[in-house]
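First comes the structure, then the notes that go with it.
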Amino acid sequence: MSQRAVEQVLGRLVTDEGFLEAFLADPRGTAARAGLDLSPKELHALTRIPRAALASLCASVDDRICRLYVPGRPGAETEEGHR
């Protein structure tokens, strides 16, 4: 288990809309593609966070610390900048 990986996932879930969408669709695959080694227990705990809670937190995070995300634009979720 890696507390650091959990913290990285949580940080990306609230600052990277592209990562959030990908994680909600495929948590295990998204974490693996991001190089984040999560135990089954950690992955289960992260997937149990209510989507409404994540959406609310995302909406309250200042855009200056979020990654740029343009739906449908390849690679947009990896650019730094505003949402």
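Taking numbering that gives the first Met the number 0 as reference, the numbering of the sequence shown is continuous, increasing by one, and the terminal residue is 82.
All C-beta atoms, glycine included, are put in the ideal place defined by N, C-alpha and C.
Grouping DSSP H, G and I as helix and E and B as strand, with all else coil, what is R50? helix
By Cβ distance, which residues of its chain are closer than 7 Å to L35, with the 5 residues on each side in sequence left out? A4, Q7 and V8
Apply the 10 Å Cβ neighbour rule to L23 and answer buried if 16 or more other Cβ atoms are within range, or exposed otherwise. exposed
Anyone know if the C-beta pair for V13 and L45 falls short of 8 Å? no
Classify V30: buried if its beta carbon has 16 or more other beta carbons within 10 angstroms, exposed otherwise. One detail in the question is off: residue 30 reads as Ala in this sequence, not Val. A30 comes out buried.
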